[in-house]
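There are 2 protein chains.
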Amino acid sequence: MHWDIKTDRPIYTQLIEQIQLKICSGVYPPGSRLPSVRDLAREASVNPNTMQRALAELEEAGLLYTHRTSGRFVTEDTDMIKHVKNSLAEKHVQEFLKKMIELGFDSSEIMSIISEMMKREGDET
Amino acid sequence: MHWDIKTDRPIYTQLIEQIQLKICSGVYPPGSRLPSVRDLAREASVNPNTMQRALAELEEAGLLYTHRTSGRFVTEDTDMIKHVKNSLAEKHVQEFLKKMIELGFDSSEIMSIISEMMKREGDET
DNA sequence: ATCATTGTATTAGGTGCTTAATACAATGAT
DNA sequence: ATCATTGTATTAAGCACCTAATACAATGAT
Chain A
187 MHWDIKTDRP IYTQLIEQIQ LKICSGVYPP GSRLPSVRDL AREASVNPNT MQRALAELEE
247 AGLLYTHRTS GRFVTEDTDM IKHVKNSLAE KHVQEFLKKM IELGFDSSEI MSIISEMMKR
307 EGDET
Chain B
187 MHWDIKTDRP IYTQLIEQIQ LKICSGVYPP GSRLPSVRDL AREASVNPNT MQRALAELEE
247 AGLLYTHRTS GRFVTEDTDM IKHVKNSLAE KHVQEFLKKM IELGFDSSEI MSIISEMMKR
307 EGDET
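Same order as they appear, the protein sequences are chains A and B. Numbering follows my numbering, with no gaps: position 35 of the first sequence is 221. Numbering follows my numbering, with no gaps: position 102 of the second sequence is 288.
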């Protein structure tokens with residue numbers, strides 16, 4: 187699995203986001219067991235304490251649960267996962283629109299820029 | 187002027203982004219004089235050192251220049267400003283599309299979500 | 001000439017994040 | 001019963017960022 191950690195924000199927040207993403211996109215399916223804290227930390231090249239912190243917050247949010255000594259598991263509440271996925275999508279759209287409007291682009295300009303850049307994205311195959 | 191500083195990222199990077207935005211959107215027009223470091227720091231409720239750091243980086247990037255004791259000014263190079271504006275827009279679109287695709291949305295879904303949320307944005311007048 | 005204002009530099013201290021090195025209790029496998 | 005593995009907790013150190021408190025040289029206004 188790929189972990190993309192940058193230096194411009196706290197690592198533990200990036201871990202939260204990326205684990206959340208793996209859950210929402212099905213890389214970690216509902217009910218499945220996650221690798222151990224130590225293994226995940228090794229994968230992501232971070233300290234186990236940092237990974238533990240991210241996992242603890244995801245557990246508090248309800249996306250994960252723990253069986254004390256057998257490991258951590260993804261929630262089986264698929265409705266919750268869908269809800270998180272939609273919330274993230276909405277957040278991304280809102281933040282994106284805010285930035286573009288602040289820059290001075292109007293709705294039609296935004297739409298055309300996006301569709302233009304989508305074409306270019308599709309080229310890479 | 188509004189300054190929106192959060193705690194999840196270094197303050198000086200947020201200052202850079204927001205000053206850059208004010209330049210690109212015309213709040214600080216080409217050739218105009220900026221408030222003094224101390225005044226800007228007071229406006230944004232940050233330490234003068236932190237504001238100074240942000241301004242120094244924008245100066246290194248060429249968006250600002252300094253007359254040693256009379257103040258800082260926005261570049262008169264309007265082409266450069268346009269270029270920065272377009273680069274920012276491209277970056278925002280790419281980051282946005284990346285996030286949405288990672289979440290599992292395809293092109294047509296993305297377009298419809300955006301146009302749907304644009305309607306709702308337009309309501310607030 | 002004097003003085004307030006400009007950008008700039010320096011020092012010290014505090015805070016949050018990260019890492020490293022341990023340690024411990026609980027459990028599943030042998 | 002023993003042992004490796006699980007999550008969890010603790011302590012110490014280092015680092016980047018931020019603030020506070022100064023200080024100084026250069027310039028424009030008076």
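We treat Cβ as the ideally placed atom computed from N, Cα and C, and that holds for glycine.
Residue 209 of chain B versus residue 257 of chain A - alpha carbon distance: In the second sequence, counting from the first residue as 1, residue 209 of chain B sits at position 23. In the first sequence, counting from the first residue as 1, residue 257 of chain A sits at position 71. Taking the straight line from one Cα to the other gives about 51 Å.
If I follow the unbroken beta strand (DSSP E) through residue 253 of chain B, where does it start and stop? For the purposes of this step, residue 253 of chain B is taken as the residue at position 67 of the second sequence. It spans 250-253 - the beta strand (DSSP E) in which residue 253 of chain B sits, taken as one unbroken run.
Could you list which residues in chain A have their beta carbon closer than 8 Å to that of residue 288 of chain B, in chain order? Walking along the second sequence from the start, residue 288 of chain B turns up at place 102. Within chain A, the residues near residue 288 of chain B are 207, 211.
Tell me which residue opens and which closes the alpha helix (DSSP H) that residue 282 of chain B is part of. Taking the second sequence and counting its residues from 1, the one referred to as residue 282 of chain B is at position 96. Start and end: 264-289.
Distance between residue 240 of chain A and residue 221 of chain A (C-alpha atoms, nearest Å): For the purposes of this step, residue 221 of chain A is taken as the residue at position 35 of the first sequence. For the purposes of this step, residue 240 of chain A is taken as the residue at position 54 of the first sequence. Rounded to the nearest angstrom, the two C-alpha atoms are 14 Å apart.
Given that residue 278 of chain A touches chain B, what residues does it touch there, using C-beta distances under 7 Å? Along the first sequence, read from residue 1 onward, the residue named residue 278 of chain A stands at position 92. Under the 7 Å cutoff, chain B gives 282, 285, 286.
Taking the straight line between their C-alpha atoms, what separation do you get for residue 206 of chain B and residue 306 of chain B? Walking along the second sequence from the start, residue 206 of chain B turns up at place 20. Walking along the second sequence from the start, residue 306 of chain B turns up at place 120. About 28 Å.
If I'm right that residue 303 of chain A touches residue 250 of chain B with Cβ under 8 Å, what's the distance once you round it to whole angstroms? Taking the first sequence and counting its residues from 1, the one referred to as residue 303 of chain A is at position 117. Taking the second sequence and counting its residues from 1, the one referred to as residue 250 of chain B is at position 64. With 8 Å as the limit, residue 303 of chain A and residue 250 of chain B do not qualify as a contact, their Cβ atoms being about 29 Å apart.
Give a yes or no on whether 7 Å exceeds the smallest Cβ distance from residue 298 of chain A to chain B. Taking the first residue of the first sequence as position 1, residue 298 of chain A is located at position 112. Chain B, which has no Cβ nearer than 7 Å to the Cβ of residue 298 of chain A, makes this no.
Could you name the residues of chain A that residue 246 of chain B contacts, counting a contact when the two beta carbons are closer than 8 Å? By one-based count along the second sequence, residue 246 of chain B stands at place 60. Near residue 246 of chain B there are no residues of chain A at all, since even the closest Cβ is about 18 Å away, more than 8 Å.
For residue 191 of chain A, which residues in the same chain have their Cβ closer than 6 Å to its Cβ, ignoring the five residues on either side in sequence? Position 5 of the first sequence holds residue 191 of chain A. Hits under 6 Å: 197, 200.
Looking at the C-beta of residue 293 of chain B, does it have a partner C-beta in chain A at a distance below 7 Å? As a first step, residue 293 of chain B must be located in the second sequence, where it is residue number 107. Yes, because at least one Cβ of chain A sits closer than 7 Å to the Cβ of residue 293 of chain B.
Between residue 254 of chain A and chain B, is any beta-carbon pair separated by less than 7 Å? Translated into positions along the first sequence, residue 254 of chain A becomes position 68. Not an interface residue.
Which of the three DSSP states, helix, strand or coil, is assigned to residue 213 of chain A? For this step, residue 213 of chain A is matched to residue 27 along the first sequence. The answer is coil: DSSP assigns residue 213 of chain A none of H, G, I, E or B.
C-alpha gap between residue 254 of chain A and residue 297 of chain B, whole angstroms: What you label residue 254 of chain A is simply residue 68 of the first sequence in a count that begins at 1. What you label residue 297 of chain B is simply residue 111 of the second sequence in a count that begins at 1. So the alpha carbons of these two residues sit roughly 44 Å apart.
Taking C-beta to C-beta, are residue 234 of chain B and residue 219 of chain B nearer than 7 Å? As a first step, residue 234 of chain B must be located in the second sequence, where it is residue number 48. As a first step, residue 219 of chain B must be located in the second sequence, where it is residue number 33. No, the Cβ-Cβ distance between residue 234 of chain B and residue 219 of chain B is not below 7 Å.
To the nearest angstrom, how far is the alpha carbon of residue 232 of chain A from that of residue 269 of chain A? Taking the first sequence and counting its residues from 1, the one referred to as residue 232 of chain A is at position 46. Taking the first sequence and counting its residues from 1, the one referred to as residue 269 of chain A is at position 83. So the alpha carbons of these two residues sit roughly 29 Å apart.
Starting from the Cα of residue 264 of chain A, find the closest Cα among A/188, A/193, A/276, A/248 and give me that residue. Mapped onto the first sequence, residue 264 of chain A falls at position 78. Taking only the C-alpha atoms, the option nearest residue 264 of chain A is A/248.
To the nearest angstrom, how far is it from the Cα of residue 252 of chain A to the Cα of residue 287 of chain A? Position 66 of the first sequence, counted from the start, is the residue given in the question as residue 252 of chain A. Position 101 of the first sequence, counted from the start, is the residue given in the question as residue 287 of chain A. Roughly 43 Å separates the two Cα atoms.
Residue 307 of chain B touches chain A at which residues, Cβ-Cβ below 7 Å? Numbered from 1 along the second sequence, position 121 holds the residue referred to as residue 307 of chain B. Within 7 Å Cβ-Cβ: 283.
Strictly under 7 Å for the Cβ-Cβ distance: is residue 275 of chain B near chain A by that measure? Locating residue 275 of chain B in the second sequence gives position 89, where the first residue counts as 1. Yes, its Cβ sits closer than 7 Å to a Cβ of chain A.
Anyone know if the C-beta pair for residue 230 of chain B and residue 289 of chain A falls short of 7 Å? Counted from its first residue, the second sequence places residue 230 of chain B at position 44. Counted from its first residue, the first sequence places residue 289 of chain A at position 103. Not in contact: residue 230 of chain B and residue 289 of chain A (Cβ atoms no closer than 7 Å).
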